[in-house]
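In the working numbering, the protein residues as written are 1 to 75.
Encoded as structure tokens, the structure appears first; notes follow it.
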Amino acid sequence: MAKPYRLSPLAEADLEEIWLYTLMHWSVEQAGSCLRNLVETFEGLAKSSKQAQQAGAQYQPMLAGKAGPVPVPLP
């Protein structure tokens, strides 16, 4: 059984924005699929007993929210 996990209010808001963006640019089906994939990933991470490695220096700007917009590939 997966360990329970909690998303912060900011993370929940981000998921809502991801869903809305996907809905506006693709479809309700794609938005639902994207959200389901994210939730399945969270659940998989919660099940894992492995500890994550420290993010490398090249990822620090992204973690700090200073990397700018991330390009989204078009279908």
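By construction, the Cβ of each residue, glycine as well, lies at the ideal position given by its N, Cα and C atoms.
Note that the structure is predicted; figures quoted are calculated from it, not measured.
(request) Go ahead and pull the three-state DSSP assignment for residue 8. (result) Of the three classes helix, strand and coil, the one that applies to residue 8 here is coil, per DSSP.
(request) Could you please give the first and the last residue of the uninterrupted alpha helix (DSSP H) stretch that includes residue 32? (result) 28-47
(request) Out of 32, 46, 40, point me to the one whose CA is closest to residue 18's CA. (result) 32
(request) Keeping to the same chain, check which residues put their C-beta closer than 8 Å to that of residue 46; ignore five residues upstream and five downstream. (result) 2, 3, 4, 5
(request) Look at the alpha carbon of residue 23 and the alpha carbon of residue 30, and state the distance between them as a whole number of angstroms. (result) 7 Å
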